[in-house]
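J.: According to our numbering, the residues represented by the sequence shown are 1132 to 1439, in order.
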Amino acid sequence: MELDISGHSDIGKKKDRNEDSFGVFRADPPRTTLISEGALAVVADGLGGHGNGDIASKLAVSIMRDMLREPPPDDAAFRIETLPDRGYLPQLRAAAERANENIYRTNVDHVAGRRPMGTTLLAAILARDAAWLINVGDSRAYHIRDGMVLAKTDDHSWLDEQVRQGLMTAEAAENDKRKNLVTRSVGTHASVEVDCYHWPVAPGDILILCSDGLVNMVNEREIVRIACQPLPAKEIAIQLVDAANAAGGRDNITVIVAQVNPSPWLRLRSHAKAWLSRTIPMYTALLVGLVAVAIGCAAGWIFRGLFQ
């Protein structure tokens, strides 16, 4: 399973600091023992107004990364039909619960009398021709194929719960100002409920993991249009963040894009761009140095002629 995967984060236009954190951790045996191929992608959005949201999000990403040192699940685990107990999901869920316990304990020990810090947490292991995901909060993952959204995670927000219960239309929720009311988060309570997902993937599929700073500013149709361009994952992630900023950038924006078995042309383009980004500065510096030497030599020759 080959991946072109990359992430990008931006403070947006209205916030004074970026409380989002993300990580893209590739399989790197023998240092990463949980997966032998693919990658782990994590997005965490620190809860604004809870104080130290950036610390909570960084802590959650770090704890999720540590799970890569665990032994892989038994092959039998991939044949279990009960979703939360399938494949990598038990370890993803357990890591999310550890993050919740760690942040909650920090709140109890050090944040007495103030609003507790917390974070959303969205993580995916992309391996064995599937995406294995867990989600807590209103960060969101999309599974895109042939220009269509096959699946997406549920948001744990007050507005989305109103829509699911039939108490509000999706159109009304889209324009409601209470989009920041999260009903589930990591670290604010002693226990946490973790949603689990298993999405089989195929060559050409695109996975997007993002904070609500994207989905609250850019509609789904535009997200899909940008994601399906024949561009490397890094460029798509940057374009999605730019689109959210162009729409107002009211929140921090974080996006991870993963392309499953991308075309050879895209892989070649990505490698060529990476090579050029390393090579051009080196040759530019060399050229500037040569020009400086040439100018120095010419100036010396001219002045010597003037004073002879």
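Built from N, CA and C at the ideal position, the CB exists for glycine as well.
According to DSSP, is Lys1283 part of a helix, a strand, or is it coil?
T.: Residue state, collapsed to three classes: strand.
J.: Give the DSSP-derived three-state secondary structure of Tyr1219 in the structure shown.
T.: coil
J.: Identify which residue in Pro1247, Arg1356, Asn1231 and Ala1377 has its Cα closest to the Cα of Gly1344.
T.: Ala1377
J.: Can you give, in chain order, each stretch of the alpha helix (DSSP H) that sits fully within the region 1341-1365 and has at least 4 residues?
T.: 1343-1346 and 1351-1358
J.: Under a three-way DSSP split, which group does Gly1271 fall into?
T.: With the sequence shown as reference, residue 1271 is identified as Arg, and Gly is not the correct amino acid for it. Strand at Arg1271.
J.: Go through its chain and collect everything with a Cβ distance to Asp1185's Cβ below 6 Å, but skip five positions before and after it.
T.: Glu1150 and Gly1177
J.: Between Ala1255 and the rest of its own chain, which residues show a CB-CB distance below 7 Å, the 5 nearest in sequence each way excluded?
T.: Ala1172, Ala1262, Trp1263, Leu1264, Ala1272, Leu1338 and Leu1340
J.: Using a Cβ-Cβ cutoff of less than 6 Å, which residues in the same chain neighbour Trp1330 once the five nearest sequence positions on both sides are dropped?
T.: Ala1262, His1274 and Ala1282
J.: In the DSSP assignment, the beta strand (DSSP E) including Asp1176 goes from what residue to what residue?
T.: Ala1170 to Asp1176
J.: By the 10 Å Cβ neighbour count, where 16 or more other Cβ atoms means buried, how is Ser1342 classified, buried or exposed?
T.: Under a 10 Å Cβ-count criterion, Ser1342 is classified as buried, with 16 or more other Cβ atoms of the shown protein chains found around its own Cβ.
J.: From the DSSP output, read off the bridge partner residues of Trp1116.
T.: With the chain covering 1132 to 1439 only, the question about residue 1116 has no answer from this structure.
J.: Which value, in whole angstroms, describes the spacing of the CA atoms of Met1413 and Val1424?
T.: 17 Å
J.: Given a cut-off of 8 Å, decide if Arg1217 and Ala1208 are closer than it, judged by their beta-carbon atoms.
T.: yes
J.: Helix, strand or coil for Leu1338 per DSSP?
T.: strand
J.: Secondary structure at Ala1389, three-state DSSP: helix, strand or coil?
T.: strand
J.: On the CB-based measure, 16 or more other CB atoms within 10 Å of its CB, does His1241 come out buried or exposed?
T.: exposed
J.: For Val1317, which beta-bridge partners are listed by DSSP?
T.: Thr1250
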